[in-house]
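The structure appears right after this line, and notes come after that.
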Amino acid sequence: IEVIYQDEQSSSIEAKELTMGQFKHKKDGKLDSIAAKIILERWLRQ
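In terms of our numbering, the sequence shown opens at residue 28 and continues consecutively.
Now the structure itself:
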């Protein structure tokens, strides 16, 4: 299995900016899901 590393730097900050504070609590995982989407999009653009 090949392992590919992707920079996660500032993905959570970018997710917060994209949602404009809609998700104030990280407990439900919505903000983390958006951050994961950002990380995947960065990888796909490479």
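Using N, Cα and C, we set each Cβ at its ideal position, and we do this for glycine too.
Close Cβ partners of residue i (< 7 Å) along its chain, the five nearest in sequence each way excluded
i   : result
K43 : L58
S38 : A62, I65 and I66
Proximity winner among the options, relative to residue i (alpha-carbon distances)
i   : options               : result
E68 : E29, V30, D34 and I28 : D34
A63 : I28, Q36 and E29      : Q36
Contact set for residue i: own chain, Cβ-Cβ below 6 Å, skip 5 residues either direction
i   : result
E45 : A quick correction: the sequence has Leu, not Glu, at residue 45. Cβ within range, chain order: n/a, list empty.
Cut-off 8 Å between Cβ atoms - residues of its own chain near residue i, not counting five sequence neighbours on either side
i   : result
W70 : I31 and Q33
E41 : A62 and I65
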